[in-house]
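Asks: Residue numbers (the UniProt record's numbering): 1 to 946.
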DNA sequence: ACCGCCGGGTGCC
DNA sequence: ACCGCCGGGTGCC
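1. Under 8 Å Cβ to Cβ from residue 615, same chain only, skipping five residues before and after it: list those, please.
2. I need the boundaries of the beta strand (DSSP E) containing residue 602, first residue and last residue.
3. Would you give the residue range spanned by the beta strand (DSSP E) that residue 141 belongs to?
4. Start and end of the beta strand (DSSP E) containing residue 419?
5. Where residue 261 and residue 100 are concerned, what is the direct C-alpha to C-alpha distance, given to the nearest angstrom?
6. For residue 500, I'd like the list of residues in its chain whose CB is within less than 6 Å of its CB, leaving aside the five on either flank, ordered along the chain.
7. Please determine if the stretch 711-720 and the stretch 629-645 are in contact, where contact requires at least 3 C-beta pairs separated by less than 8 Å.
8. Relative to the C-alpha of residue 305, which candidate in 273, 226, 559, 237 has its C-alpha closest?
9. Let's see if you can read the secondary structure: which residues bound the alpha helix (DSSP H) around residue 298?
10. Taking DSSP as the reference, what is the three-state secondary structure of residue 978?
11. DSSP has residue 797 in a bridge; who is on the other side?
12. For residue 777, which residues in the same chain have their Cβ closer than 8 Å to its Cβ, ignoring the five residues on either side in sequence?
13. Given this structure, state the Cα-to-Cα distance separating residue 817 from residue 570, to the nearest angstrom.
14. For a test of the three-state rule: what should DSSP assign to residue 944, helix, strand or coil?
15. Compute the distance between the beta-carbons of residue 560 and residue 530, then report whether it is under 8 Å.
16. Could I get the ranges of all uninterrupted alpha helix (DSSP H) runs contained in the stretch 606-634, with 4 residues as the minimum, in chain order?
17. Assign residue 909 to one of three DSSP states: helix, strand, or coil.
18. In this structure, does DSSP put residue 260 in helix, strand or coil?
19. Is the stretch 827-841 in contact with the stretch 862-877, if contact means three or more CB pairs nearer than 8 Å?
20. Please go through the same chain and pick out, in chain order, the residues whose beta-carbon is closer than 7 Å to the beta-carbon of residue 537, but skip the five residues on each side of it.
21. Determine the DSSP secondary structure at residue 697, reduced to helix, strand or coil.
22. Give the single residue among 111, 814, 497 whose Cα lies nearest to the Cα of residue 87.
23. DSSP three-state call for residue 441: helix, strand or coil?
24. Starting from residue 742, follow the beta strand (DSSP E) in both directions and report where the run begins and ends.
25. Suppose you measure from the CA of residue 460 to the CA of residue 415; what does that come to, to the nearest Å?
26. By the three-class DSSP mapping on this structure, what secondary structure does residue 591 have?
27. Go to residue 777, then tell me how far its alpha helix (DSSP H) extends in each direction, as first and last residue.
28. By the three-class DSSP mapping on this structure, what secondary structure does residue 221 have?
29. Could you give the distance in angstroms between the alpha-carbon of residue 67 and the alpha-carbon of residue 129?
30. Shortest alpha-carbon distance to residue 425 belongs to which of 482, 738, 494, 944?
31. Is residue 161 buried or exposed, if buried means 16 or more other CB atoms sit within 10 Å of its CB?
32. Under 8 Å Cβ to Cβ from residue 597, same chain only, skipping five residues before and after it: list those, please.
33. What residues are listed by DSSP as bridge partners for residue 848?
34. Would you report the Cα separation of residue 938 and residue 105, rounded to the nearest angstrom?
35. Taking the alpha carbon of residue 588 as the point to measure from, which residue in 223, 870, 710 has its own alpha carbon closest?
36. In angstroms, rounded to a whole number, what distance separates the CA positions of residue 393 and residue 825?
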């Protein structure tokens, strides 16, 4: 019944309704809502931004005496269809903010409403203006919101039943009570297809930045010493964060927008009141910039604030007892084995590399005693989805049961930390680094196929560490997720913006965790739009925002439409639950982080005559083809081909040998066998994926997960496109080109091993290139000046990195390498090796642009050579931040090589545009599919000089 | 009176 | 519901 997969036939990603049932109740059954409520308001969020107010209508709520839900005058209510009502299939329920039913809409009105709601012609929102004390019926003021194009249909349908809607009052667009409004919003119906008033992105951005300008507040500037079991001295801003987090976890205040009024608790946004005290979240969002030490601060919190503000009772270990205790109390082995035997014992039953991990894990808390190596991981495939690389011993034996606790402590004791796989090892590292060696902590890494499903075992830990993928797959596919059976002391979502998509399984899984305290760590609480906040708030369980309708009505829509009062509400909400410092933030006049300077230089490279000839030849051919697509109007249908042309040009800017796949235009493919077609599609997809174009799925506008390619050669996330196909049955069309879309025609991307082939081809005789010459010149010059300086050489093309190896060797450079195709174990080795300050350690690291997650720390380097520009400037910045971060002692100099008169120069101008766009990160309007298309087309024109 | 009027019973969807 | 609506009782002035 709970079976769930990404296959085409399930209702994957079914959006939940904007209903009034409280999410907590329904969702508590694992994943149930996906199956029960697939008929949703669909037309999902992106449309909501285009909604305008059609008008208002007064009606009646009847049957009050049959229901328990009560309302106040001016309280917002939700309307919910009840199609299975035995007396009237048109029934429309009226619920209060809590989701309790108040009554029904009178049947005469319910009839047109049902039609309007069911056909998604409008969303109907209600406010009970007065008559809250009535016993039998009460009035309801309804506002109708929808897409401009549906307005007439709504008016007509109401008219058909004898109702006439009052046009929106000037200034009442927000449906929020006109007295609250500035009145600056114009009439909404004059601008078809768009919201009436959009603040410019600049306005929104600057407004949004103000949300976080709050360091003057007392409770966020107080410092507190870290717990003594933290071996590391906390920085001032970390002490502030710790103090603030402890305050939040012990806070007894009402949540934002709640007041106590004569023995009732009153929500000032919705005018809802109830007897029961609404719970405030014992937690919040730590939104510090990357590199400010969110992980360390959180570790300090775990140790410093257990129950009642007391520190976590940890056992200090005496050295002579260490081994004994270790073996005797291991969870897995009841035997009295010393740690070494223990490892050997386990090793016998598993493949190589695993015992090493065990030792590292165990010893990670006792570095001195056991001469710990840093945690090392066995071979793994590169995929983030892969769960096979962490050996089971890591998970089972890292849990060591030796601390005797005061059992009088009531309640859960375990902190659950969920993070992306890429930072899992960072957590382990940091726990190792920062917790005093004589302190014992029970840590269980809940990961891998043999993770224990025993809630008891988990509940005995101090910390359980797992990944979003595990969380989601446990939640989605089985009924036996121990993570969801337990009530946790604390749940921490690291890189918490991971759950910003409310339809993603991992989001649902996270929302269904039970915890006393909840934390979100993220450097970017809002990535694209205000909508990103909703899942986070929902996770924090702040009443009444867990239900999207109330979030949307009270905050999102007012803010999106430029309402000042809405913005103030958002601001006070954010201030209340968020602590954010940027790298630029200051404490007592001093920067939070004193990072050395960072300079970026662009070094132009001129191609040799020979290189230029090849480049021009390929460019002319490509330009010809692309302009033909333009004249045919089929550019986007040939998008993969276009990317292919651009890719080849970019490769040629680096080195002629990179461009091995010579012209391969697919033509129209008249007489292809299915096998050939399939192969072509797969090749195209690989091209798209490997071109570093940072392709996004046109459905979710997020980066591609589980990419599949359609027969029309467009790439989407499999779950996204499956949903499209299902909802448009039986004649689904490609969202990008409207070509026929068939489930059975989707081609999946075979598992990656992409680079390997091209690496083999490097058998051909090595030749230099202009760029390599420029690089080598700079490197040798640098070595003369300072032989110890360390450099990162970054490229999107791993083959290029391989080509660079040759001259590096010839010139006697010691180098290491880090790219996505390397097993985790080798990566860790490469990083450690490079970071080492020992004489003879590598001075150069060859780094693929996207290798490693945000946690990657390469502060040993103070020079970066970016060999080729990336599509997305943010990817470059992220890469630079790997050495320009906490711990960097020297000024960082970045050199970007850009070939004169080439696609690379054009890429720079697109980068600049994107940077400007990103500056308006608070743009609330998601670009429409056609806008995305147009942007792409324009980009292509710029890139190929058309 | 195949009406009007009266007053009791009754009440969401 | 201090309403509306229903349907039974009733019937000149």
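Note that the Cβ used here is the ideal one computed from N, Cα and C, for glycine as well.
Replies: By the coordinates alone:
1. 607, 649, 652, 653, 902
2. 598-605
3. 137-146
4. 415-419
5. 21 Å
6. 532, 535
7. yes
8. 226
9. 294-304
10. With the chain covering 1 to 946 only, the question about residue 978 has no answer from this structure.
11. Bridge partners of residue 797: none, in fact.
12. none
13. 46 Å
14. coil
15. yes
16. 609-632
17. helix
18. strand
19. no
20. 545, 551
21. coil
22. 111
23. coil
24. Element bounds for residue 742: n/a, residue is neither H nor E.
25. 10 Å
26. strand
27. 770-785
28. helix
29. 19 Å
30. 494
31. exposed
32. 891, 892
33. 795
34. 50 Å
35. 223
36. Reliability fails at residue 393, whose pLDDT of 36 lies under 50, so the model's placement of it is uncertain and the value that follows must be treated cautiously. Cα to Cα, residue 393 sits roughly 16 Å from residue 825.
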